[in-house]
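Counted the way mature numbering (1 follows the signal peptide of the UniProt record, and there is no 0) counts, the sequence shown spans residues -18 to -1, 1 to 973. For each residue, glycine too, the CB sits at the ideal point set by N, CA and C.
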Amino acid sequence: MWAVKILLLFITIQTATAGLAVMSVDLGAEFMKVAIVKPGVPMEVALSKESKRKTDVVISYRDGDRSFGGPAMSTAVKYPRLAYRFLKYIVGKKADSPSVKEFLIKFPYYKIEAHPETGFVQFLHDGDDKYTVEELLAMILEYAQEIASHFAEQPVNEAVITVPPFFNQAERRSLARAADLAGIKLLQLMNDNAAVALNYGVFRRKAFNTTAQHYMFFDVGSISTKATIVSYQLVKTKNPVTGIVDTDPQVTIKGVGYDRNLGGLDWTLRLREHLAKRFEAVKKTKNVLRDNNRAMAKLLKEADRLKQVLSANADHYAQIENLMDEEDFRTKVTRSEFEEMTDDLFERIAKPVKDALKTSQVTMDEIHEVILMGAGTRMPKIQEILKKTLKLNELGKSINTDEAAALGAVYQAAHLSKGFRVKKFTVKDAAMYPIIVRFNRMKESNEEETRVISRTLFNRMNNYPQKKVMIFNKQLKDFDFNVLYGDMSFLSPAESEDFGSTELLKVKLAGVEDAHNKYNEKAEAKGVKAHFKMDDSGILFLDRVEAAFERPPDAPEEESTFQKLGSTISNLFGGSKPGEEGKDEQKPEEKKDNESIKKEEPKEDKKEDKKEKETDKSKFKKENNEEPDKTESGKNKKTKEQDKTEKTENTETKNEESKKTDKENDKKETKDSDKKEQKKEPAKATIVKEHLSFSLESLDSVNPSDSTIKISRNLLKELKQKDEEKIKLAAAKNDVESFIINYQDKLYQDEYQTCSKEEEREKLSAALSGASDWFYDQDDSVPRKTYEDKLAELEDIFKDINNRVKEIKDQPQAWEAMRIQLNHSEVFIAGMKNFTGEDSIFTQVEYDTLDKLINKTREWSKEKKAEVEKANKQETLPVQVTDIYMKLAELDREIRYLASKAKNYRPKPKVVPTNDTNSNTTDTSQNKTSETKDDKKEEFVVPEKAEESEEKRKPKHKSTSEDSEKSDETLQLDGNTDQTTPPTQEDKDEL
């Protein structure tokens, strides 16, 4: 809870529409964590249906029933071939890749084949059912979406999904397609190490300054190990909406080292192999252990549990009941034995750390802290190796190793979503693999062969998102170019073999020659520009391609004879010719390369640069126009005493001189401005862009066709409908069974026996017995509607007795409500008698109507209540609860009308005659007799009741300046995230 309280200082949620929420999915190989942000809930990990904070990444499909999470894990132990796990291991991989072969060695019970169109892995299920890895991952993401929607109590469609930083382009595109199949709007594929770094920085943003602070995050996951070096610092960023420059924290990925084939699963598999050998040595069975998939799955589950226990204990017993052929297994394993059998795995721990330091070019002296991440780092031997390698006494354990990535990703999701506003925290991720562009240069007259040119598009560890432009200067005809990975020598031989194709795209351009022919005589060719973009997900796109041409300015008009004469005379008096001001300036260096790569800058930055240049020029001109008076300063050197005595004289003379110089400068400026107005600005060349069409061919992987994607969508839709129908069928069955069991007990309760005869109860009991026999005789093929019809039939049979029981149960409360209403009505009509005379609120007709209605209702109530008391409870009562409430409604409606009339009544002002104040008391009697009606003065007096009503209508609380300040503070806390005053420690304690 402390994390949520602190987060309230940083995040302010503003909802654009009702029912808005976003989620993150930390998609691991073995577990996934789902976090949400919704109005009123800043960041929270969503609980699964089993009320767990993390969910097994497994999906099972058995006997037509699909299950996820815990139920699927039960199937994975009993029927491992029907449950699919560790899918992240082979996503985006071809069926013949080394990773897939290694996957089948670890899990030999799966049957796979290559997809006929894409070549990706396709699992062979029972019968003719086949599922691709993308389809299975899409189902798991659908389940994650259900968890988030159920926890948020509203639909959740937008998500940020975490991926390992070493995922290449094919793997990222494959996971993005899976999210699209699941119906999720993907905001970003965020590297999990960047998500952890963001989560760490969000709660410590006040600890950062403009000086970079370096940290290392070391993560041992289920199938991979990563070391990441990041830097935190405050940077100035410009708000694109307001244009205001703010100072916000930024985290930058500086270096990454990894081993994608070293994870907690490898230690578990070693331990499983050890347990299998122990069982084979002790137990003699007729069947071979390693050929029994269920037995090996049981050993894998127990090995994983044993590994976790040995992280905290020196030894522990592994125990499995009925491992195989009704043989139980129990053996003791010590931590030293476990570390000895996995010694070669521990030796590989230090390499990712060294690689991260090498790529980041950061020394250990610059790193503030090494922070552990991932469940695998709980093993004592790994911590010992890290301390020895990095020469540290302690390792950082200040973050939640299970949930940090999910919480960091959901913070990013709230930032990317349009419905929320969070405190800005910029994330600069890094591309792990360099990308280059390769093309053929056109032959020149002195060249015999076409040269192959390569240009770097993205270097290794370049930050993204980023846009870049590739310029082809000498391409005059339609041409092709390839996009591929650059120097990959940093990969190990095994990883290089498993990496897949190093070629990414083949781009074919059309319309280049037509564009040159169109502008050949009108403009000068400036090259073909290809605009590339690496988005937030680290996926490379070719945004657009265009041919650029520079059109020369129109020829200037010839000067007349008088204009030439005027310019000649002005030049004789020291004026420079137009265009000679920049003669001495250095010319820009000419480009030697025919092709170049430019980094696209935002338009706002370019505008800022122009403004800065203009201001610099204006400052330079002002400084040149101001001529310092050296003679004045030289002559007026005096002592301090003389300065004090002549201070007033000097100030007066200086003011007069300044006025004179100002007038002279004004005259000069007007003359200069007149000259400038006479001069014509030189015409500028214009850039013309012609958009070119292009076609893309994916070389690293084959993207599925639209028809294949449609088949996958229909498959997921069909399976989801089956799951929904399964839930509805189970609910219908449960309703019928619950009805039978409940009413078999209710028939013998006092309230039901009071309201029914013995013959009726026997008849109802027989109906329940028949329904029970019918229910338990049904098989699984019975449709849902059959159960719904049966339930409706039973409800109809019990309708009469249920109504009688309900009437007897509810009528006492209804009669009590009638009594209270009659008492209130009598009090009200008694109060009406006080409003008599000329200012009466109510008319006599209204009074008589209410009095008649009260008497009539009282008589009806007395009569009907007596009938109910005398009636037979085993039959339908003469008066129903609805009848009582209808009578109540009639009386209540009349009372409400009269009460509303009294509330809105305003008495008329009275006229009170007053005497003339100018006359004396002795003359008043005489004046009264002589006054006429026209001479009388009238005074309007407001009655006291009216004054009281006016006071009641006024607000009791007067707004003060303190109250307005409090309301302003409240608004700032609720909606303003740009507060300049930082929260104090007392504010934190209150939160």
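Which of the three DSSP states is assigned to residue i in this structure?
i: Q215; result: strand
i: Q568; result: Here Q568 scores only 35 on pLDDT, less than 50, and its place in the model is too uncertain to base an answer on.
i: D771; result: helix
i: N445; result: strand
i: D587; result: In this prediction, D587 scores a pLDDT of 44, lower than 50, which makes its location untrustworthy; no coordinate-derived value is stated.
i: K75; result: coil
i: K509; result: The sequence as given places Gly at residue 509; Lys does not occur at that position. Residue state, collapsed to three classes: strand.
i: I823; result: coil
i: D384; result: coil
i: K855; result: coil
i: L2; result: coil
i: T899; result: Legend: pLDDT at T899 = 47, less than 50; position of this residue unreliable, no value from coordinates given.
i: E605; result: Because E605 sits at a pLDDT of 41, beneath the cut-off of 50, its placement in the model cannot be relied upon, and the following sentence gives the value as read from the coordinates. Reduced to three states, the DSSP call for E605 is helix.
i: I205; result: coil
i: L776; result: helix
i: S483; result: coil
i: D518; result: coil
i: L458; result: coil
i: M355; result: strand
i: A186; result: This sequence places Arg at residue 186; Ala is not what is there. Of the three classes helix, strand and coil, the one that applies to R186 here is coil, per DSSP.
i: A96; result: strand
i: R743; result: helix
With a threshold of 7 Å (Cβ to nearest heavy atom), would residue i be considered close to the ligand NAP?
i: V465; result: Annotation note on the ligand NAP: not contained in the displayed structure, which lists no ligands.
State the beta-bridge partners of residue i as determined by DSSP.
i: V27; result: A17
i: T192; result: DSSP output for T192 lists no bridge partner at all.
i: N422; result: V434
i: I669; result: E532
i: A753; result: DSSP output for A753 lists no bridge partner at all.
i: I783; result: BP columns for I783 are empty, so no partner.
i: R67; result: V40
i: V142; result: S6, Q170
i: Y197; result: V212, E351
i: S677; result: K490
Could you spell out where the beta strand (DSSP E) holding residue i opens and where it closes?
i: M172; result: 167 to 173
i: K699; result: Premise fails: K699 lies in the alpha helix (DSSP H), 688 to 728, not in any beta strand (DSSP E).
i: D469; result: It is not in any beta strand (DSSP E) - D469 carries neither H nor E in the DSSP assignment.
i: Y43; result: 40 to 44
i: K410; result: 408 to 412
Taking the CB atoms as reference points, tell me whether residue i and residue j lie closer together than 8 Å.
i: E95; j: L86; result: no
i: G356; j: T324; result: no
i: T858; j: R786; result: yes
i: residue 995; j: A58; result: Residue 995 lies beyond the stretch modelled for the chain, which goes from -18 to 973, so this question has no answer here.
i: D241; j: P334; result: yes
i: K236; j: S213; result: yes
i: R254; j: A285; result: yes
i: D38; j: A388; result: no
i: F757; j: V718; result: yes
i: Q127; j: V142; result: no
i: Y71; j: S79; result: no
i: K715; j: Y769; result: yes
i: A512; j: V494; result: no
i: S675; j: T100; result: no
i: residue 985; j: L247; result: Because the chain in this structure spans residues -18 to 973, residue 985 falls outside the shown range and cannot be described.
In the DSSP assignment, find the unbroken alpha helix (DSSP H) run with residue i in it and report its ends.
i: I129; result: 115 to 134
i: K60; result: 51 to 60
i: K501; result: Checking the sequence shown, residue 501 turns out to be Tyr, not Lys. Unbroken alpha helix (DSSP H) run through Y501: 494 to 501.
i: V82; result: 80 to 88
i: L106; result: From DSSP, L106 is part of no alpha helix (DSSP H) but of the beta strand (DSSP E) over 103 to 106.
i: R154; result: 151 to 163
i: E376; result: It is not in any alpha helix (DSSP H) - E376 carries neither H nor E in the DSSP assignment.
i: residue 978; result: Since the first and last residues shown for the chain are -18 and 973, residue 978 lies out of range.
Pick out the complete beta strand (DSSP E) segments inside the stretch 219 to 262, 3 residues or longer, and give them in chain order.
227 to 241
Where are the alpha helix (DSSP H) runs, 4 residues long or more, that stay fully inside the stretch 261 to 348, in chain order?
275 to 292, 317 to 323, 325 to 329, 332 to 342
What are the complete alpha helix (DSSP H) segments, minimum 4 residues, inside the stretch 862 to 894?
863 to 885
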